[in-house]
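Asks: The opening position of the sequence shown corresponds to residue 158 in this note's numbering, with each subsequent residue numbered one higher.
Every residue, glycine too, gets a C-beta built ideally from N, C-alpha and C.
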Amino acid sequence: MQKMKIGLIQMGLKASTDLEPAAIRDAMNEAHLPLIQQAADAGVQVLCFQEVFNQPYFCPSQDPKWYAAAERVPEGPTCQLMQKLAAKHRMVMVVPVYEETVTGIYYNTAAVFDADGSYLGKYHKTHIPQVAGFWEKFYFKPGKSEWPVFDTAYGKIGVYICYDRHFPEGWRALALNGAEVIFNPSATVAGLSQYLWELEQPASAAANGCFIAAINRVGTEAPWNIGEFYGSSYIVNPRGQIEAQASDREDELLIHEIDLDMVREVRNNWQFFRDRRPDAYARLTDGE
């Protein structure tokens with residue numbers, strides 16, 4: 158059996174949003190260190206944090222202050238810290254941060270570091286919402302990452318970020334590119350989409366014969382108070398069954414070992430990839 162031990166960290170904000178972004182970043186990075194050590198002690202092989210894990214979810218506002226939260230990837234302080242920890246603990250790390258690529262160009266990004274600390278690349282969030290409470294286009298340029306799959310020391314992984322999860326095409330593209338596990342770091346609050354949290358991703362895991370690891374933050378964040386981030390991070394298998402799940406309110410490190418052999422078993426059983434008909438789907442990519 159080919160196993161992978163996964164760790165997911167969900168966490169509430171640990172600093173006032175009145176502070177400057179650099180101070181919030183440092184406080185959040187520091188708050189993650191004990192859980193990273195706990196993951197290492199438990200033998201976690203692949204660890205992932207929540208969306209823009211070391212800042213508040215600032216998108217209910219349209220405030221230029223938060224542009225200062227962006228940092229370079231992988232040269233910025235957060236990536237440099239996590240890169241060293243990845244090498245120290247022989248642990249693959251998926252690190253979702255706010256990224257500046259050039260002056261004035263910003264992305265919602267996940268950087269991936271292998272177990273030897275090497276930088277494997279990054280994924281840019283593809284689908285960017287722009288509705289009340291989620292003014293993300295003010296902060297993020299839509300990504301065009303060509304669905305990268307990272308061949309890590311422990312298996313092939315992909316990343317899809319938060320709002321992306323509502324679009325089935327990306328799950329399929331990542332699976333076709335070889336992803337065995339897809340991580341979806343998120344920042345989502347109770348309300349319209351909560352019932353979808355345990356519907357869409359299990360369905361996408363079953364449709365694509367892969368594992369999906371979904372991560373969501375917890376708590377409320379002033380001054381916006383758009384609702385409660387409900388945690389409930391989980392790992393779902395290629396049959397669409399949730400194998401492990403975190404609480405809905407607490408800071409938590411969820412640890413679970415998966416059997417990657419299930420990917421081959423399920424795909425061979427259902428044969429969705431054999432029976433798909435891309436020749437019949439032109440309407441999906443012909444524009445409007």
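1. What residue from G233, Y317, R322, M185 has the CA that sits closest to F340's CA?
2. Quick one: is the Cβ of R374 within less than 7 Å of any heavy atom of the ligand ATP?
3. Exposed or buried, I262, counting other C-beta atoms within 10 Å across all chains shown (16 or more means buried)?
4. Three Cβ pairs or more, each shorter than 8 Å: is that satisfied between the region 347-360 and the region 378-397?
5. Just how far apart, CA to CA, sit M248 and L277?
6. Can you tell me where the alpha helix (DSSP H) holding N373 begins and where it ends?
7. Quick test of your reading: F270 and M239, contact by CB under 8 Å. State the CB separation rounded to the nearest angstrom.
8. Can you tell me where the alpha helix (DSSP H) holding Y352 begins and where it ends?
9. Would you check if the distance between the CB atom of P192 and the CB atom of I166 is smaller than 8 Å?
10. Distance cutoff 8 Å, beta carbons only. Does W223 sit that close to anything in chain D?
11. Taking 8 Å as the cut-off, decide whether the C-beta atoms of R182 and Q219 are in contact.
12. Which of the three DSSP states is assigned to I163 in this structure?
13. Cα separation between T283 and W304?
14. Could you give the distance in angstroms between the alpha-carbon of W292 and the alpha-carbon of D408?
Replies: The answer reads as follows:
1. Checking every option, the nearest Cα to that of F340 belongs to Y317.
2. For the structure depicted, the ligand ATP is absent and the ligand set is empty, with no information on it obtainable.
3. Counting Cβ neighbours within 10 Å, I262 comes out exposed, since fewer than 16 surround it.
4. Put simply, the region 347-360 touches the region 378-397. At least three CB pairs are less than 8 Å apart.
5. Distance between the alpha carbons of M248 and L277 is about 13 Å.
6. Note, N373: premise wrong, no alpha helix (DSSP H); beta strand (DSSP E) at 368-373.
7. A Cβ-Cβ separation of about 6 Å places F270 in contact with M239 under the 8 Å criterion.
8. Per DSSP, Y352 belongs to the alpha helix (DSSP H) from 351-354.
9. According to the sequence provided, residue 192 is Leu. The question's Pro does not apply to it. Yes, these two residues count as a Cβ contact at 8 Å.
10. Checking the listed chains, one finds no chain D in this structure; it contains a single protein chain.
11. No, Cβ-Cβ distance for R182 and Q219 is not below 8 Å.
12. Strand at I163.
13. Roughly 9 Å separates the two Cα atoms.
14. For W292 and D408, the distance between alpha carbons rounds to 26 Å.
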